[in-house]
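Visitor: Chains as they are written, first to last, in numbering that gives the first Met the number 0: chain C, 0 to 350; chain G, 0 to 350.
Here a beta-carbon is modelled for each residue, glycine too, at the ideal position from N, C-alpha and C.
Fair warning: this is a prediction, and the values are worked out from it, not measured in the lab.
2 protein chains.
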Amino acid sequence: MRQGCVLRVARPTIKDVARRAGVSTATVSYVLNQTVPVSTETKRRVESVIKELSYRPSGLARGLAGQRTRILGVAALGFNDLALSDSFFAEVIKGIGEATYRLGYSFMLSSPSLGEEAGRSSIDVFCDKGVEGIILLNGREDEPELSELSREGIPVLSIGRCAGDWPFVDTDNVYGAYEAVKHLISLGHKKMAHLVGKPGLTSSADRLAGYRRALAEAGLPVEEEWEVSGSSTKESGFQAMHRLLAQKERPTAVFAFNDAVAIGAIKAIRQKGLKVPEDMAVVGYGDDPVASYVDPPLTTVRQPMFEIGALAAEKMAALAHGGKIGGEPARVLLRPKLIIRESCGSSLWLN
Amino acid sequence: MRQGCVLRVARPTIKDVARRAGVSTATVSYVLNQTVPVSTETKRRVESVIKELSYRPSGLARGLAGQRTRILGVAALGFNDLALSDSFFAEVIKGIGEATYRLGYSFMLSSPSLGEEAGRSSIDVFCDKGVEGIILLNGREDEPELSELSREGIPVLSIGRCAGDWPFVDTDNVYGAYEAVKHLISLGHKKMAHLVGKPGLTSSADRLAGYRRALAEAGLPVEEEWEVSGSSTKESGFQAMHRLLAQKERPTAVFAFNDAVAIGAIKAIRQKGLKVPEDMAVVGYGDDPVASYVDPPLTTVRQPMFEIGALAAEKMAALAHGGKIGGEPARVLLRPKLIIRESCGSSLWLN
DNA sequence: TTGTATGCGTTATCAC
DNA sequence: GTGATAACGCATACAA
Chain C
0 MRQGCVLRVA
10 RPTIKDVARR
20 AGVSTATVSY
30 VLNQTVPVST
40 ETKRRVESVI
50 KELSYRPSGL
60 ARGLAGQRTR
70 ILGVAALGFN
80 DLALSDSFFA
90 EVIKGIGEAT
100 YRLGYSFMLS
110 SPSLGEEAGR
120 SSIDVFCDKG
130 VEGIILLNGR
140 EDEPELSELS
150 REGIPVLSIG
160 RCAGDWPFVD
170 TDNVYGAYEA
180 VKHLISLGHK
190 KMAHLVGKPG
200 LTSSADRLAG
210 YRRALAEAGL
220 PVEEEWEVSG
230 SSTKESGFQA
240 MHRLLAQKER
250 PTAVFAFNDA
260 VAIGAIKAIR
270 QKGLKVPEDM
280 AVVGYGDDPV
290 ASYVDPPLTT
300 VRQPMFEIGA
310 LAAEKMAALA
320 HGGKIGGEPA
330 RVLLRPKLII
340 RESCGSSLWL
350 N
Chain G
0 MRQGCVLRVA
10 RPTIKDVARR
20 AGVSTATVSY
30 VLNQTVPVST
40 ETKRRVESVI
50 KELSYRPSGL
60 ARGLAGQRTR
70 ILGVAALGFN
80 DLALSDSFFA
90 EVIKGIGEAT
100 YRLGYSFMLS
110 SPSLGEEAGR
120 SSIDVFCDKG
130 VEGIILLNGR
140 EDEPELSELS
150 REGIPVLSIG
160 RCAGDWPFVD
170 TDNVYGAYEA
180 VKHLISLGHK
190 KMAHLVGKPG
200 LTSSADRLAG
210 YRRALAEAGL
220 PVEEEWEVSG
230 SSTKESGFQA
240 MHRLLAQKER
250 PTAVFAFNDA
260 VAIGAIKAIR
270 QKGLKVPEDM
280 AVVGYGDDPV
290 ASYVDPPLTT
300 VRQPMFEIGA
310 LAAEKMAALA
320 HGGKIGGEPA
330 RVLLRPKLII
340 RESCGSSLWL
350 N
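1) By the 8 Å beta-carbon criterion, what residues does the region 58-75 of chain C contribute toward chain G?
2) Is any beta-carbon of chain G found at less than 8 Å from that of Leu-108 of chain C?
3) Please list the partners that Val-124 of chain C has in chain G, where partner means a Cβ-to-Cβ separation under 7 Å.
4) Can you check whether the C-beta of Arg-340 of chain G is within less than 8 Å of a C-beta belonging to chain C?
5) Do the region 313-321 of chain G and the region 251-264 of chain G touch if we need at least three Cβ pairs shorter than 8 Å?
6) For chain G, find out if any of its Cβ atoms is closer than 8 Å to the Cβ of Phe-237 of chain C; answer yes or no.
7) Check this for me: beta carbons of Ala-316 of chain G and Tyr-104 of chain G, under 8 Å apart or not?
8) Following a CB-centred definition, is Thr-26 of chain C positioned closer than 7 Å to any heavy atom of the ligand NAP?
9) Taking Leu-135 of chain G as the reference, give the member of G:Pro-220, G:Asp-127, G:Val-331 and G:Val-73 with the closest Cα.
10) With which residues is Leu-310 of chain C paired in a DSSP beta bridge?
11) What separation, rounded to the nearest whole angstrom, lies between the Cα atoms of Ser-47 of chain C and Ala-309 of chain G?
12) If you run the structure through DSSP and keep just helix, strand and coil, what is Ile-265 of chain C?
13) What are the boundary residues of the alpha helix (DSSP H) that includes Ile-13 of chain C?
14) Against chain G, does Ala-17 of chain C count as a neighbour if the rule is that its beta carbon must be under 8 Å from one of theirs?
15) Let me check one thing: in DSSP terms, what residues is Ala-213 of chain C bridge-paired to?
16) With distances taken between CB atoms, is the gap from Phe-106 of chain G to Ala-89 of chain C smaller than 8 Å?
17) Chain G partners of Phe-167 of chain C, CB-CB under 8 Å?
18) By how many angstroms is the C-alpha of Pro-220 of chain G removed from the C-alpha of His-188 of chain G?
19) Run the CB neighbour count on Asn-32 of chain G, radius 10 Å, all protein chains shown included, and call it buried at 16 or more, exposed below.
20) Do we get a CB-CB distance below 8 Å when we pair Arg-55 of chain G with the residues of chain C?
21) Let me know the beta strand (DSSP E) ranges lying completely inside the region 42-114 of chain C, each 3 residues or longer, listed in chain order.
22) I want to see whether chain C comes within less than 8 Å of Asp-294 of chain G, judged by CB atoms only; does it?
23) Mind checking if Ser-86 of chain C is an interface residue toward chain G, Cβ cutoff 8 Å exclusive?
24) What distance in whole Å lies between the Cβ atoms of Gly-96 of chain G and Ser-109 of chain C, which are believed to be in contact at a cut-off of 8 Å?
25) In three-state terms, what does DSSP make of Met-279 of chain G?
26) Give me the DSSP bridge partner(s) of Val-27 of chain C.
27) Are any of the Cβ atoms in chain G nearer than 8 Å to that of Val-91 of chain C?
28) Once you ignore the five residues that flank Val-5 of chain G on each side, which residues in its own chain have a CB closer than 6 Å to its CB?
29) Identify whether Ala-316 of chain G lies in helix, strand or coil by the three-state DSSP scheme.
30) Return the chain-ordered list of same chain residues with a C-beta closer than 8 Å to the C-beta of Lys-128 of chain G, the five sequence neighbours on each side being excluded.
31) If we call anything under 8 Å between Cβ atoms a contact, is Leu-183 of chain G one with Val-300 of chain G?
32) Quick check: what's the CA-CA separation for Val-124 of chain G versus Ile-13 of chain C?
33) What separation, rounded to the nearest whole angstrom, lies between the Cα atoms of Gly-58 of chain C and Tyr-29 of chain C?
34) If the criterion is Cβ atoms closer than 8 Å, does the pair Ile-339 of chain C and Ile-158 of chain C meet it?
35) Whose CA, out of C:Gly-272, C:Leu-243, C:Gln-302 and C:Pro-276, lies closest to the CA of Asp-286 of chain C?
36) Along the alpha helix (DSSP H) that carries Ala-239 of chain G, what are the first and last residues, could you check?
Right, dumping it as structure tokens:
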């Protein structure tokens with residue numbers, strides 16, 4: 000049969016519509032973009048012809064003539080650093096997809112697995128394709144791409160807080176960590192450790208800050224020995240937890256940088272013959288799908304990744320549309336939410 | 000500072016290059032596309048100017064003038080049906096990203112969460128943007144979109160086997176299931192059940208076929224009672240396993256449609272006071288990230304999703320480029336791979 | 001081998 | 001309110 004056929008019956012152009020409606024192409028363009036008032040009569044006629052021919056304007060030509068391509072670029076640079084990130088990636092992308100679609104935009108994606116060099120040149124490609132703005136998906140604190148990009152004259156927005164005063168959309172990691180540790184405190188814990196995330200990530204610094212804030216607010220001392228450094232992986236969590244358990248004084252609970260670290264930590268805890276949550280309560284971060292699958296199901300902090308993506312797309316469209324944004328730069332912090340499962344025990348534990 | 004600035008210093012056009020190199024725009028186009036022989040001297044000169052001005056041709060204008068936009072569309076329709084699919088989605092997308100980048104293509108993505116109506120119209124948007132071909136990411140057997148799309152004159156390729164004779168790229172589910180069950184057999188099992196996947200998915204039918212084939216080949220009878228129907232979720236696996244365990248004769252092993260189902264099944268098995276793998280061996284399918292996180296780590300079948308995506312993009316580019324593909328339609332089946340972990344016990348079990 | 005001229009499908013600037 | 005028409009940046013048939 001006609002596998003991947005190429006018969007291509009020529010799409011109608013604005014000329015076809017104009018001719019068939021007995022007007023000029025300009026008029027058709029007017030009713031299309033509502034950029035100039037048109038008499039209701041001709042408007043009606045033109046619209047009926049458009050429907051009849053099922054005409055759709057060419058995005059290419061539109062982009063060339065007017066400046067609006069209605070395409071956004073999404074560059075997922077440096078995303079491979081993060082562990083367990085597939086679902087984050089997917090959710091953010093879905094959010095971007097939803098919002099761009101709703102706003103009449105499309106988006107191009109540059110894969111995260113392209114390596115260093117590719118990052119830059121995939122941006123170039125974006126520019127060639129005429130994207131109106133670029134959303135940077137990254138976890139790094141300093142993003143050298145940002146200033147480079149801005150020199151291209153293309154608005155940029157980062158998903159994930161970054162240095163400088165670039166617009167970004169992120170979750171409030173300080174708040175999320177604060178809530179997690181406060182939960183531990185409400186359960187009666189007084190000695191809590193934190194498995195710190197990879198250095199250089201804003202999320203690492205912010206979650207540490209939230210942890211400290213909760214401690215301070217409860218009048219609990221901040222023990223430096225209980226802030227164990229590491230990175231974002233299960234292995235890192237495993238090792239960090241072992242180091243923590245080797246110390247003279249043990250905490251009764253740990254707040255891990257993320258779910259992977261938490262799962263690694265649980266493994267280490269059990270290896271020492273201790274039980275979770277009875278001997279050691281554990282809180283993760285991120286609410287990765289695995290969090291609900293592991294044993295015990297992880298109490299963790301859920302980040303609204305879909306909303307992050309959607310909001311980023313909206314802000315980006317606004318930036319592209321209105322040129323520079325109103326007053327202040329678009330810097331948004333969404334609230335994460337504590338998800339209580341079983342890795343900390345129930346609050347009945349208190350009674 | 001210059002947040003999301005719009006200073007836009009006009010990009011050089013082909014005219015700028017032509018003028019500065021003392022040639023016509025046609026000549027510049029020739030060296031750019033290598034479509035017409037150019038004397039090495041002028042070629043050298045043009046290229047140096049191109050580098051000097053760091054000129055990059057406009058994709059928009061190129062698409063309008065020539066017919067090649069070098070953009071692919073990826074429509075993830077019906078993907079929300081699948082459980083645990085985030086990592087599949089992400090891997091496939093990464094593969095597509097890698098290949099498209101390597102081939103000088105870009106791709107647009109239409110999110111899976113857009114609902115029925117949106118599926119169709121996101122395709123329309125793709126056409127407006129001038130995509131050269133569309134990759135359909137879907138799990139359904141019959142894809143009504145396919146024939147519709149072909150009428151647009153745009154080549155289509157499906158990721159996931161589908162009805163009709165459309166080109167597709169998929170993994171060999173029959174083979175994967177066959178290997179999984181053969182593994183069980185090699186471990187000494189003679190009574191194995193299958194938790195069947197959602198009806199209507201080619202993967203469900205194929206994995207069931209592979210299961211039966213392995214049984215038949217080993218001279219084992221195919222008990223209909225041990226082919227428990229269900230869908231793709233953890234809950235479905237949980238319920239199906241309970242139904243299976245309620246039967247008079249119990250198998251010693253189960254091959255689950257996917258990892259989520261397997262995890263649900265394990266929960267049910269334990270609820271009955273049985274142990275995995277001692278009392279009941281379990282094999283999953285898909286090698287989702289959770290598979291290695293759960294207890295016990297799941298023996299499962301890994302699908303080369305990244306390669307699937309990359310191959311799909313390559314085939315698609317070939318289809319778009321060469322019009323119709325050489326002889327037969329591009330129908331590729333990649334081999335999945337058995338990943339042995341701990342949910343079936345070790346083969347020492349036999350000795 | 002190179003230059004000229006036209007067209008791709010729109011939008012936008014003028015006139016009317 | 002509407003209609004010519006010139007860009008937009010590039011590819012290409014044709015001429016030289």
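Guide: Considering the structure as presented:
1) Gly-58, Leu-59, Ala-60, Gly-62, Leu-63, Thr-68 and Ile-70
2) yes
3) Ser-105
4) no
5) no
6) no
7) yes
8) Of ligands this structure carries none, so the ligand NAP is not represented either.
9) G:Val-73
10) Paired residues: none, contrary to the question.
11) 43 Å
12) helix
13) 13-20
14) no
15) Paired residue(s): none; Ala-213 of chain C is not in a bridge.
16) no
17) Chain G residues near Phe-167 of chain C: none, gap ~10 Å exceeds 8 Å.
18) 13 Å
19) exposed
20) yes
21) 70-74 and 105-109
22) yes
23) yes
24) 6 Å
25) coil
26) Answer by DSSP bridge pairing: none, since Val-27 of chain C is not bridged.
27) no
28) Because Val-5 of chain G carries a pLDDT of 41, less than 50, the predicted location of this residue cannot be relied on, and the following value inherits that uncertainty. None.
29) helix
30) Thr-68, Ile-70, Gly-72 and Met-107
31) no
32) 17 Å
33) 16 Å
34) no
35) C:Gln-302
36) 233-245
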